[in-house]
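Visitor:
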Amino acid sequence: MSKKTSDKRTLLFNYLKDKEGLEEKQLEAVTSEEKLIAVSAGAGSGKTLTLAWRFIWLVSVLEVPLNSILTITFTEKAAAEMKERIEKILKRLVLDLPAMSDTFNDIIDRMDDAYISTIHAFAMRVMKESGLFLDLDPNARIITNAENASLWLTIERALDYQEEEVLLDQLPKEWKERAQKILSSSELEDLLNTFGAKTISESAEKFISSYASRGYSPEDVWSMAENMEAEDDKIKALLLERLLGEWQEAQSLWIEELIPHIKGQTNLDKEKAKFSQRLLWLHNKWKEPIDETNAPDFIMDLFGNEGPLRALQNGKVKKAADEFLKETLGLSLKEFRDGNTGWFQAASFIKEGVPHEEKRARMTLIKVFSVLWKYVERARYNRGTLSFDDLIRFALWALDRDERYAKKFAHILVDEFQDTDGLQDLMLKAIRNKGDSTLFIVGDLQQSIYRFRHAQPKVFWEYIRESHSSSCAKSINLDISFRSRGAVMEKVNNMFSKIWPSTIAKDIQKPFMPLEAPKHHHWWQKRQKSTVEPFKLIIATSCPDKEDKEKIDQLRARALESLGHFIVQSVEGKKTIWDKDEKGNFILRSLRYRDFAILVPSRTQYDAIENVLIEKLGLPVYFEGNRSFYGRGETKDISFLLKALANPEDDLATASFLCSPLSGLPIEEASSLVKEHKKADNESCSLIFLFQRNHPEEWKAFERLRKVAKVKGASWALASLLEDGRILLAYPSWKRRRIAANLRKAIDVIREYETFVDPSLEGTAAYMERATYLESDLQEADILGENDDMIRVMTVHAAKGLEFPVVAVVGLENSSNKRNDSILPSKWLGVAISKLPEEWLPQKEQKLLSKDIHSLFESQEILEEQERLLYVACTRAKDSLILCGVSNLDDQGRLKPKKNSWLELILLRMEELMEEESVKILYSDQQNQGAQSPKQPEPSCSLGPIVTIEKKPLVEETFLENITASIYALYRFCPHAYRMKYRQGLDIAWESPTEDGRGGSDMGSLTHWILKDWDYSQESLDVLLPLDEAKKMERLKIIPPYLRPLYKESSTLKIIRAWLSKLAESPLASQVRASSKVMKELPFRVDLGGKTEMTGYMDLVFEDQGAFWIVDYKITAPQEASKALYKDQLLFYGTALWKMTQKPPKGLGIYHLPEGTLENVPFSLDLLEEEAQKIQEVASLGCWGPFTPNETNCSICPWRGSCTALAFTMRKEELS
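The opening position of the sequence shown corresponds to residue 1 in this note's numbering, with each subsequent residue numbered one higher.
1. Run through DSSP, which three-state label would residue 295 get?
2. Locate the beta strand (DSSP E) running through residue 346, then write down its first and last residues.
3. Can you give me the Cβ contacts of residue 1218 inside the same chain, cut-off strictly under 8 angstroms, excluding the 5 residues immediately before and after it?
4. Classify residue 1182 as helix, strand or coil using the three-state DSSP reduction.
5. By the DSSP assignment, the beta strand (DSSP E) with residue 623 in it spans what residues?
6. Considering only DSSP beta bridges, list what residue 166 is partnered with.
7. Count the other CB atoms within 10 Å of the CB of residue 125; is the residue buried (16 or more) or exposed (fewer)?
8. Could you check how far apart the C-beta atoms of residue 884 and residue 563 are, in whole angstroms? I think they sit under 8 angstroms.
9. Which residue or residues does DSSP assign as beta-bridge partners of residue 578?
10. Could I get the ranges of all uninterrupted beta strand (DSSP E) runs contained in the region 58 to 143, with 3 residues as the minimum, in chain order?
11. Below 9 angstroms between beta carbons: does that hold for residue 29 and residue 50?
12. For the region 970 to 981 against the region 1180 to 1191, do three or more pairs of beta-carbon atoms, one drawn from each stretch, fall closer than 8 angstroms, so that the two count as touching?
13. Can you give me the Cβ contacts of residue 1142 inside the same chain, cut-off strictly under 6 angstroms, excluding the 5 residues immediately before and after it?
14. Taking C-alpha atoms, which residue in 441, 38, 550 lies nearest to residue 886?
15. For residue 60, collect the residues of the same chain with a Cβ closer than 7 angstroms to its Cβ; drop the 5 residues on either side in sequence, then sort them by chain order.
16. Give me the Cβ distance between residue 637 and residue 806, rounded to the nearest whole Å; I'm assuming they're in contact under 8 angstroms.
17. Taking only beta-carbon positions, decide if residue 861 is within less than 9 angstroms of chain C.
18. Considering only residues of the region 358 to 395, which uninterrupted alpha helix (DSSP H) runs meet the minimum length of 4 residues and lie entirely inside it, listed in chain order?
19. Between the alpha carbons of residue 431 and residue 130, how many angstroms are there, rounded?
20. I need the straight-line Cα distance from residue 14 to residue 46, nearest angstrom please.
21. Tell me the start and end of each unbroken beta strand (DSSP E) in the region 815 to 896 that is at least 3 residues and wholly inside, in chain order.
22. What's the gap between the Cα of residue 768 and the Cα of residue 639?
23. Measuring straight from C-alpha to C-alpha, what distance separates residue 1105 and residue 1063?
24. Return the Cβ separation of residue 1149 and residue 1111 in integer angstroms, given the expectation that the two are a contact with Cβ distance under 8 angstroms.
25. Please determine if the region 480 to 492 and the region 526 to 536 are in contact, where contact requires at least 3 C-beta pairs separated by less than 8 angstroms.
26. Have a look at 889, 893, 888, 881 and flag the residue whose alpha-carbon is nearest the alpha-carbon of residue 919.
27. Going by alpha carbons, who is nearest to residue 1235 out of 1003, 1113, 186, 849?
28. If I follow the unbroken alpha helix (DSSP H) through residue 1146, where does it start and stop?
29. Our contact map puts residue 1024 next to residue 1014 with C-beta atoms below 8 angstroms; I'd like the distance itself, whole angstroms only.
30. Exposed or buried, residue 1218, counting other C-beta atoms within 10 Å across all chains shown (16 or more means buried)?
31. In angstroms with no decimal places, state the Cα-to-Cα distance between residue 1055 and residue 1131.
32. Along the alpha helix (DSSP H) that carries residue 1048, what are the first and last residues, could you check?
33. How is the alpha helix (DSSP H) around residue 496 delimited, first residue to last?
34. DSSP three-state label for residue 1246, please.
35. Under 8 angstroms Cβ to Cβ from residue 205, same chain only, skipping five residues before and after it: list those, please.
36. Are the region 599 to 617 and the region 739 to 752 in contact at 8 angstroms, needing three or more beta carbon pairs?
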């Protein structure tokens, strides 16, 4: 080591230790020089900071070139934040360590050379930079959801209609013969008749996703099917290894404890009952300990048809056995048998394997899946599209062919390594092995929760094991957590030390790593002074002496109401939490609503939360945008509508549409129509005929919609439907905010499909049907600013990597559900099935094993991940953790949580928890009772009072982060309208397209897009808006994709051309053409005293005699409401320009394009100063309200027909 390097090492090491205050283990991780460093980083232990410092240490002290370090993060956001954090630290180091400032400045200048990205972005970069080594379109891109859905729809139809040539055409020569044989086989035909083409194609898609992520190829899968016997033998060995210990414990329990105990309690030898006789037989046969050779035989004797567990007749012996098992295991004989039925299936599988016909079905399906995989692979390749797994696969090929590329990386740093899958690990190994690179991996096995993305925590565990056994490797635990206060950390540690008493998973023999408090830091004691309650467990249950037990929804509502009371009492009681001020100093401050996060295991909890916290209690709640769009009821309603429009004679589709709110029929009348159709004898009396006869007006509206869909497309039909805001009134008022936004989103989704895949109504209907059936992955958009004062609700998965002062984990009663598909892709068996073609079996009874064997493996993995998911939820809390759930009661009045639920997990292992004051058991409607022990239930179930909570503003004023002209103008027009638009997502009526082309956000977007490139002359309109079809299609290439369907419409171009032709002849156009400075779509961001920023775009700003004019274009018909709104928008723009230039504008104007008129907005400097103050007021009121309706504008309000203010007021009066 050179003296220069040694000096840098000493300087930076001392800085990290003394100035940055890195912990000893963090320092060790940053400076280690082993070839493998596996860092297990607990929640809140500063792993991202450690990774950033590791990067800086390598480039500054070890002088590793920036482009020789590969840094991989889990998300694009994390990659951007990592790069930003590194640059921020480097800039600070320039000032703090002047002796190394040249080094740090040089690194800063070259940061663009750094490889910091997600693994998929890196794979794409490898493909681009090593493209000469790949037979791949250099413009290849990720396949869109719509294209992928279309591809699988093609497969489904080919299977359904037995058109194997559709699939064979895409396959390479070496695959065609085997594909022809399996696709035309009688086995596949029988399986298609049994399961259906849809089920087989859907299962194939899941199978391919699972096996591709583990590094398999279509060739590997075909080989697996050919060698199924050997593959099953491997699973038998694995199964026996997993279950042998449990089976040996079961033998010891029955032979050495239970039966001898019964002999001591009864005269077992003389009992004649079958149960008694079989117990004696079992005891005499299995006196010797079992091992791997005979353990399955013991289990088959215990659980089999001739075993004691199949003869549970009542009697003295059974009673004694029941009592012993309940005392020992807490289970009855029947519960023991039913809870371990999989043991008998496992033993049968180990001894005999699966039945021949079941193996035949599995082999056929796996071969079909391999052929479909090869087809999909080739189809994507021919279209120049890739899946995310394709990215990794092609990158692997490039690295294999271009060894110099792989060898360029001396160091690999990987964050969140517990979420790596097998294929990704293969690529990292390829780089590591070829380049002899140092591998630095950071993660936490206790937080591995992405099984649904095929994450394999065992990959990380194998590296940890290697780090323990190799002299060139090191394992480091970062267990000091800076996130949670001591009381929260202690509760979480106590809970999970009992949930994971030995190891965190069966296949991962790593003990639980408790979090340690940073007690040696001077601020730690002050950090404990938060006054918000650190822990609370809320459980709602039915009253023990109440005959009619409450339903789960009622219990959940009471638990949520109790949680709502706690939130309000904490905020209004000014409970404090630990935080940092604007200067970065630690402080205690009062709670705000935005400090609360409600985490749920699944989205099924969302409606209950919205109903109770928002509608009943009036709390400000925001649902993060990871809710399933395709799983929404309103999205499915749209799918039914499109199917009915595509084929009105499809009675099932028409019935589904008629019974949806989109039909406009009351549900009673729709149901009556369906019943009448069912009773009709005449087959020609279709449901659509009855609809036409009984409801002619609604049928005419349906037919108009159908014509629009046929001629213009489904997106236009849906847009015209939304023009009539009355359809929202058919939905409950508390759901309208979400429904309006999702209906608008559906238009965008459908338009994308029409643009890239298939513009036909039939194609769109099929796509939406498939997407809603599969509940394809599509998220709703988030619009919440970081400082908006609202309670956040999200899934635990969405909360990963985040932290919140107060966390409420809701839905403890949820349990993980096994998939009940008839075909299950299985990473152990390839495929598991629940039935066979009837003609394959001589008897109707189908005793199949594969699904039970698959469930034995999968159930264990699901339960283990559920434990980790709960751990992630609990470790998001900084100052307070609230657990909230519901439970039934047993016959003794004790809590009996749902099996395999989080609540069961907690209560079974933490009995002492029930004695604490922080536990609140809610019997009947007694939300306000204190903590009560479930062993001593309340004797009375009288109803408690309903408490109404009025939300009051906090003392500490909060502001919207950004405020736009639209937000400002709408709040000024009516605060309640603002709430409906920006808090509830309802569309303003005049934004919807109309038949004459006026209005509509897309029409406005297209017009503004054209205006941006226009020079205000008549001549250039021929270029921008060509009437010639060929020129229009050429121009279409540069139009944004989402606007292309509109641009294709000749009628649309004629309307816009007429508008602009008027404008070109106007005095305004002459002024613009004469101006020396013209700015279009001018973006601005104006700071208002550091609390909020004015943001947005000005349509047109041009200079005239040393001062600026601002013009805003409008395409909607002038109305009283719009005039008021547009005036305030212009004053907003004028204020922004005045703040930017320190000079007032010369004029403000609204140009109405359809009318060709310019409307001047009067203003003065004094007025702009007043506007600036009003804008600040709205930025504050927009967070908290009040959102009181402005009744003076009700007569001109475009929302007056669907205003929720009256309903909201009535609800509050009822509650009062």
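We put the CB at the ideal spot given by N, CA and C, even for glycine. Please read all numbers here as calculations on a predicted model, not as lab measurements.
Guide: The answer reads as follows:
1. helix
2. No beta strand (DSSP E) holds residue 346; the alpha helix (DSSP H) holding it covers 341 to 352.
3. Outside the displayed range of the chain (1 to 1216) lies residue 1218, so it cannot be described from this structure.
4. helix
5. 621 to 623
6. DSSP output for residue 166 lists no bridge partner at all.
7. exposed
8. 5 angstroms
9. 588
10. 69 to 73, 115 to 118
11. yes
12. yes
13. none
14. 550
15. 8, 12, 100, 103, 104, 107
16. Rounded, the Cβ-Cβ distance is 37 angstroms, inconsistent with contact.
17. Although the question refers to chain C, the structure presented lacks it and comprises just one protein chain.
18. none
19. 14 angstroms
20. 19 angstroms
21. 823 to 826, 830 to 833, 877 to 886
22. 5 angstroms
23. 22 angstroms
24. 5 angstroms
25. yes
26. 881
27. Residue 1235 lies beyond the residue range present for the chain, which begins at 1 and ends at 1216; the question has no answer from this structure.
28. No alpha helix (DSSP H) contains residue 1146, which DSSP labels as neither H nor E.
29. 6 angstroms
30. Examination of residue 1218 is not possible in this model, given that the chain is present from 1 through 1216 alone.
31. 29 angstroms
32. 1044 to 1048
33. 486 to 499
34. What the structure shows of the chain is the stretch from 1 to 1216, and residue 1246 is not part of that stretch, so it cannot be assessed.
35. 152
36. no
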